Amino acid sequence: MIWLGPVQWDGQHAPFYACEPCLNRLKKQALAYLIDRQPAIA
1050 MIWLGPVQWD
1060 GQHAPFYACE
1070 PCLNRLKKQA
1080 LAYLIDRQPA
1090 IA
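For the sequence shown, the numbering used here assigns the number 1050 to the initial residue and increments by one for each residue that follows.
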């Protein structure tokens, strides 16, 4: 398990952890989001 940081939900804070397979899925989702947001090269 790795601590990802605090998460805020409905005005509350809680620690946020993920196992390695879950972290890999989160990283893949984040990368896909960032790639989609890249401006087109002119």
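The C-beta atom is built at its ideal place from N, Cα and C for all residues, glycine as well. Bear in mind that the values here come from a model prediction, so they are computed numbers and not experimental data.
For residue i, the first and last residue of its enclosing alpha helix (DSSP H)
i, result
"Pro-1088", "Premise fails: Pro-1088 is in no alpha helix (DSSP H) and is neither H nor E."
Among the options, the one whose alpha carbon lies nearest that of residue i
i, options, result
"Ile-1051", "Gln-1061, Leu-1083, Pro-1070", "Pro-1070"
"Ala-1067", "Asp-1059, Lys-1076, Gly-1060, Gln-1061", "Lys-1076"
Paired residues, beta bridge with residue i - DSSP
i, result
"Ala-1067", "Ile-1051"
"Gln-1061", "Trp-1058"
Cutoff 7 angstroms: residue i Cβ touching any chain B Cβ
i, result
"Pro-1055", "Chain labels in this structure do not include chain B; a single protein chain is all it has."
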